[in-house]
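In my numbering, the protein residues as written are 5 to 169.
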């Protein structure tokens, strides 16, 4: 079981961008542009959100605070919020705006990664919950900004803007 937890904590997060790339690859041209803009805006917002949250709140990792041995080697830095949970949920929520079933599945993967990181003694539950919340909020804003920006650019060119999903 520790090997499964360790593998989930380390590697399962890569399923999320792989799923997002598949959705992007299968999308039409207009959706590809909007998806790409949404992803970039969302990831920038999420990176800023992670840094701001870490400035506001400090939560030593469980292996530091409780003396437990982590299943995955990690630096003894601030665990709040979880980068994995934030970025995983952010990408999954962007996908959710275009493909609900895939987005829900990817959000489930993000939550499973978070649970594995708690089980691996890398994070406390609030680190994961905050990360998912920050990621989803950034994705919501990123999707709105992307749809507006792509629509605005299309209107300036005289093209038809992409339809809202």
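All C-beta atoms in this analysis are idealised placements derived from N, C-alpha and C, irrespective of residue type, glycine included.
Straight-line measurement puts the Cα of residue 46 at about 22 angstroms from the Cα of residue 15. No residue range can be given for residue 5, since it is assigned to no alpha helix (DSSP H) and is classified by DSSP as neither H nor E. Residue state for residue 66 is assigned as helix, using DSSP reduced to three classes.
Residue 134 places its beta carbon 8 angstroms or farther from that of residue 58. Under the DSSP assignment, residue 90 falls in the alpha helix (DSSP H) whose first and last residues are 87-100. Looking at the backbone, the Cα of residue 103 and that of residue 35 are separated by about 11 angstroms. In this structure, the alpha-carbon of residue 42 lies about 32 angstroms from that of residue 123. Distance from the CA of residue 12 to the CA of residue 38, rounded to the nearest whole angstrom, comes to 30 angstroms. The C-beta distance from residue 26 to residue 146 rounds to 19 angstroms, too long to fall under 8 angstroms, and the pair is not in contact. With a cutoff of 8 angstroms on beta-carbon distance, residue 81 and residue 128 are scored as not near each other. Contact annotation: residue 86 and residue 53 have beta-carbon atoms that are not nearer than 8 angstroms. Closest option to residue 101, judged by alpha-carbon separation, among 21, 5, 18 and 148: 148. Taking a C-beta distance under 8 angstroms as the contact criterion, residue 115 and residue 136 qualify as a contact pair. Annotation: residue 144 to residue 107 spans about 13 angstroms, alpha carbon to alpha carbon.
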